[in-house]
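Chemist: The structure is given below, and queries will be raised subsequently.
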Amino acid sequence: MNHVPLTISDRIQKQLDDLTRAERQLAHSILENYPASGLGPLSSLAKDAKVSVPTVARMVQKLGFSGYPEFQAELREELKAKAKDPIAKHDTWAEGAPSEHLLNRFTDAVIDNIRHSLGQIDPAEFDAACALAADTEHHLYVVGGRVTHTLAEYLFLHMQVMRAKLTHIQSTSNAWPHYLLDVKEDDVFIIFDMRRYENNTLKLAEMAHARGARIILFTDQWRSPVHQLATYSFSSRIVVPSAWDSVVTPLLLLETMISTMQNLTWDDTKDRMQSLEEMFDQTKLFRKFT
C-alpha cells in the first residue's frame with residue numbers, strides 16, 4: 407500500500423496531547439499561519455509564539471526532525487506541493503510508479519487517504535457541525551469553487567429536500583457579493599476550498615465572517631486560508647496517482663454529514679420528501695414500472 411507521508415500539521419495535531427503548555431502555545435501559533443509561520447528564522451518563530459528559543463528546538467525534535475533546518479526544508483516541500491499544477495503532479499507520480507495495475511494503486515491511495523483523514527477528525531466536532539448546518543433557525547449558504555462546485559451542488563441538492571432557508575452561492579460568479587446583502591449574524595456557510603485556493607472564496611468568507619456568519623470548511627491536508635475564519639474545519643487527504651486530486655474523502659465526509667443531518671431532521675425531512683414525490687408524480691419526470 408502507498409502510504410501518504412504526514413504533513414507537519416498532521417504531526418503537530420497527533421502530538422498535541424503530549425506537548426508541554428509552552429509547546430502547545432507554539433504549536434497553535436504555527437498552525438495559525440501554517441505553513442508560512444515556520445519559514446522565517448527560529449528566533450522570529452519563538453518571538454511570534456511568545457516562547458523561548460529552546461522551546462522551539464525541543465518541539466521540532468519531538469516532531470521527528472533533527473533540527474530547525476530540516477523542519478524548514480520539509481515546510482518548503484509542503485509549499486511546493488500546495489502550488490503544484492496538474493502537469494507537475496502527474497510527473498511526480500509517473501517517476502516512481504510501481505508496476506501494479508492503476509486500479510489497485512489508485513484504490514490503495516484512496517483507502518489510505520480515508521483512513522488517515524478520519525483519524526484526524528474529532529467526532530464531537532463533526533456532530534456539532536452537522537447540528538449547526540441542520541438548524542433551520544438560521545439561513546444556510548453553500549459555496550464551492552472552480553472544481554469543488556460539484557461538491558457544493560451535491561450538498562445543495564440534498565439540503566433542498568431537508569430544509570428551507572437555503573442558498574447556493576457560486577464563488578466563481580461575479581454576482582456573489584449580492585448574496586451577502588441578506589446575511590445575518592449566526593447564519594451558516596458551508597465552504598469547499600481545496601488547492602489551488604481561490605481568492606474569491608477567501609474574500610467571500612472574510613466578508614461573511616465580518617457580518618457574524620459561522621463557517622464550516624471542507625478543505626485538504628494543507629488547509630485553505632479560510633480555516634482561520636472557520637468555526638469547524640475538516641481536512642481531507644486528496645493526493646492520488648493522478649494529475650488531479652481526489653474528492654473521494656471529502657465526498658465521504660459530505661455524505662456522512664448529509665446522513666447525520668437527515669437523522670437530526672427526519673420528521674421534517676420525511677414530510678418534505680413526501681411532498682416532493684407527489685410533485686414528481688404530477689410532472690411525470692420519472693418512469694414508473696408498476
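407 is the number of the first residue of the sequence shown in our numbering; add one for each residue after it.
For every residue, glycine included, the Cβ atom is placed at its ideal position computed from N, Cα and C.
The structure presented is a predicted model; accordingly, all values stated were derived computationally and were not measured.
Please confirm if the stretch 630–643 is in contact with the stretch 598–612, defined as three or more CB-CB distances below 8 Å between the two stretches.
Modeler: Touching, yes, given that three or more Cβ pairs across the two stretches are closer than 8 Å.
Chemist: Please identify the residue among ARG569, VAL646, LEU587 and PHE624 whose C-alpha is closest to the C-alpha of ARG617.
Modeler: Answer by Cα proximity: LEU587.
Chemist: With C-beta atoms as the reference, is VAL459 less than 7 Å away from LEU432?
Modeler: In this structure, LEU432 does not lie closer than 7 Å to VAL459 by Cβ.
Chemist: Tell me the DSSP bridge mates of ILE596?
Modeler: ILE596 pairs with VAL548 and ILE622.
Chemist: Take the Cβ of ALA651 as the centre, count every other Cβ of all protein chains shown within 10 Å, and call the residue buried at 16 or more, exposed below.
Modeler: Correcting the residue type first, residue 651 is Asp in the shown sequence and not Ala. That one is buried.
Chemist: Please classify GLN680: is it buried, with 16 or more other beta-carbons within 10 angstroms of its beta-carbon, or exposed?
Modeler: Exposed, by the Cβ-count rule.
Chemist: Pull up the distance between the alpha-carbon of ILE621 and that of VAL462, whole angstroms please.
Modeler: So the alpha carbons of these two residues sit roughly 31 Å apart.
Chemist: Pull up the CB-CB distance for VAL567 and LEU485, whole angstroms please, since I reckon it's below 8 Å.
Modeler: That pair is no contact at about 41 Å.
Chemist: Leaving out the 5 sequence neighbours to the left and right, which residues in its chain are closer than 8 Å to GLU591 when beta-carbon positions are compared?
Modeler: Same-chain partners within the cutoff: ARG617, GLY618 and ALA619.
Chemist: Among residues of its own chain, excluding the 5 on either side of GLN478, which ones have a beta-carbon nearer than 8 Å to its beta-carbon?
Modeler: Same-chain partners within the cutoff: GLY444 and LEU445.
Chemist: Would the beta-carbon of PHE598 fall within 7 Å of that of THR637?
Modeler: Not a contact, by the Cβ cut-off of 7 Å.
Chemist: MET565: buried (16+ other C-beta within 10 angstroms of its C-beta) or exposed?
Modeler: MET565 should be labelled buried.
Chemist: I'd like to confirm the pairing. Which residues does DSSP put opposite LEU657 in its beta bridges?
Modeler: Partner(s): none; LEU657 has no beta bridge.
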